[in-house]
Amino acid sequence: MKLEKRFVDRHVQMLRDEGITFVTDANVGVNVDINDLKEANDAVVLAIGSTVGRDLKLPGRESEGIYQAMDFLTKNTSEIVKNGYTLKDSSQYINAAGLDVVVLGGGDTGNDVLGTSVRQGAKSIVNFELLPEPPATRAANNPWPTFARIKRIDYGHAEVIAHWGKDPREYCISTTGFVKDEETGRVKGVNTVKVEWTSKGGQWSMEKIPGSEKVNFLFRVADSTFWWNETDSNYSLTRNTPLSWSSSLWVSSPLIKTWPLN
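The working numbering puts the first residue of the sequence shown at -1, with every later residue one more than the last.
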């Protein structure tokens, strides 16, 4: 996602030309024996990524229309690679084109969801993060050479800023549940609450702020829908609006997708 695949392919070919062999469709422990790898090589490095998202057991999680972010990202990338770096068959991936997207959670996966949504042509994007906003420079308890825990602008944030002129991230927002439409079984809203982080004896703790709870619903008004809470009505959503939850989940509302266009 961070580079167009043609650049990745070019770099991989350079590595092949230098004598590196890439073995695909290899499942170590299933069709590849780890002992064979150790015997055939001077060193073995296990660098393992996971496509299994971190699930959150929240009320309403069973609602239809909730997808793992990795499904969103993987299907998008597969469709691009399969069709010469273009998206052709919208039935093969989750399409954010023309939609208002809400991403709940950060990290690399959340950033990839932001960038992918921009490139697909999302109408607007907002990103809720549980953690507090990082400082612009190193804090006193974060000296060099430890990893700098500072606010960074990654490519996904930069593309949102370039398109809409505003950083999509809002901090200290916790998702507490989903609102299900009892008639359809589809997700139709998200419950959130603001949180406050405090440090005691070097240990960070999180407390929910009383009175900051919000119920964010999707309503149909004429031929449109709206993202609403009792204190903020800035996010207007149109038909086919998806939500995304956590850096590990992509949440959409098929209820809205089924509405007639006339």
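No residue lacks a Cβ here, since even glycine has one placed at the ideal position from N, Cα and C. Nothing here was measured: the structure is a model prediction, and the numbers come from that model.
Using the beta-carbon count (16 or more within 10 Å), is Asn18 buried or exposed? For the purposes of this step, residue 18 is taken as residue 20 along the sequence shown, with counting starting at 1. Per the sequence presented here, residue 18 reads as Ile, with Asn not at that position. The residue is exposed, with fewer than 16 neighbouring Cβ atoms inside 10 Å.
Which same chain residues end up closer than 6 Å to Asn109 when comparing Cβ atoms and leaving out the 5 residues on each side of it in sequence? Your numbering for residue 109 matches position 111 in the sequence shown. Correct list, in chain order: Asp152 and Gly154.
Contact defined as beta carbons within less than 8 Å: I believe Ser122 pairs with Asp98. What is the distance between those atoms, to the nearest angstrom? To locate residue 122, count along the sequence shown from 1; it is residue 124. To locate residue 98, count along the sequence shown from 1; it is residue 100. 5 Å between Cβ atoms; contact.
Rounded C-alpha distance that separates Asn260 from Thr182: Your numbering for residue 260 matches position 262 in the sequence shown. Your numbering for residue 182 matches position 184 in the sequence shown. Annotation note: pLDDT 29 at Asn260 (below 50); position unreliable, no value reported.
Could you work out which residue in Cys170, Asp106 and Ala156 is closest to Pro132 when comparing CA atoms only? If you number the sequence shown from 1, residue 132 lands on position 134. Pro132 has its Cα closest to that of Cys170, out of Cys170, Asp106 and Ala156.
Do Glu62 and Arg184 have their C-beta atoms closer together than 7 Å? Translated into positions along the sequence shown, residue 62 becomes position 64. Translated into positions along the sequence shown, residue 184 becomes position 186. In this structure, Arg184 lies closer than 7 Å to Glu62 by Cβ.
In whole angstroms, what is the alpha-carbon distance linking Lys149 and Thr135? Position 151 of the sequence shown, counting from 1, holds the residue named residue 149. Position 137 of the sequence shown, counting from 1, holds the residue named residue 135. Looking at the two C-alpha atoms, the distance is approximately 8 Å.
State the start and end residues of the unbroken beta strand (DSSP E) segment that holds Trp162. Residue 162 sits at position 164 when you count from the first residue of the sequence shown. That residue, Trp162, is in no beta strand (DSSP E); its alpha helix (DSSP H) goes Tyr153 to Trp162.
Three-state secondary structure (DSSP) at Phe5? Translated into positions along the sequence shown, residue 5 becomes position 7. Three-state DSSP puts Phe5 in a helix.
Closest by C-alpha distance to Ala156, when choosing among Arg147, Phe176, Val111 and Ser210: The count along the sequence shown starts at 1 and reaches residue 156 at position 158. Closest option to Ala156, Cα to Cα, is Val111.
Have a look at the DSSP bridge pairing and note the partners of Thr190. Reading the sequence shown from its first residue, position 192 is the one you call residue 190. Thr173 and Lys212.
Go to Lys36, then tell me how far its alpha helix (DSSP H) extends in each direction, as first and last residue. If you number the sequence shown from 1, residue 36 lands on position 38. Start and end: Ile32 to Ala38.
Any idea which residues DSSP pairs Ser98 with across the strands? Residue mapping note: residue 98 aligns to position 100 of the sequence shown, counting from 1. In the sequence as displayed, the identity of residue 98 is Asp instead of Ser. Ser122, per the DSSP bridge assignment.
Considering only their Cβ atoms, is the gap separating Val191 from His161 smaller than 7 Å? On the sequence shown, position 163 is the one that residue 161 refers to. On the sequence shown, position 193 is the one that residue 191 refers to. In this structure, Val191 does not lie closer than 7 Å to His161 by Cβ.
Take every Cβ of the region 77 to 89, pair it with every Cβ of the region 49 to 60, and state whether three or more of those distances are shorter than 8 Å. no
Under the rule that 16 or more other beta-carbon atoms within 10 Å means buried, what is Met68, buried or exposed? Taking the first residue of the sequence shown as position 1, residue 68 is located at position 70. Classification for Met68: buried.
Taking a contact to mean a Cβ-Cβ separation below 7 Å, would you say Arg195 touches Pro130 in this structure? On the sequence shown, residue 195 is found 197 positions in, with the first residue counted as 1. On the sequence shown, residue 130 is found 132 positions in, with the first residue counted as 1. Looking at the sequence itself, residue 195 is Trp, so the reference to Arg does not match. For Trp195 and Pro130, yes; Cβs fall inside 7 Å.
My understanding is that Asn125 touches Glu180, with C-beta atoms under 8 Å, so please give their C-beta distance in whole angstroms. Locating residue 125 in the sequence shown gives position 127, where the first residue counts as 1. Locating residue 180 in the sequence shown gives position 182, where the first residue counts as 1. Rounded, the Cβ-Cβ distance is 29 Å, inconsistent with contact.
Between which two residues does the beta strand (DSSP E) carrying Lys206 extend? Your numbering for residue 206 matches position 208 in the sequence shown. In the DSSP assignment, Lys206 falls within the beta strand (DSSP E) that extends over Gln201 to Lys206.
Compare the C-alpha of Asn25 against each of Asp40, Ile46, Phe5 and Ala41 and name the closest. In the sequence shown, the residue the question calls residue 25 occupies position 27. That would be Ile46, whose Cα lies nearest to the Cα of Asn25.
Could you tell me which whole alpha helix (DSSP H) segments of length 4 or greater appear in the region 47 to 80? 67 to 80
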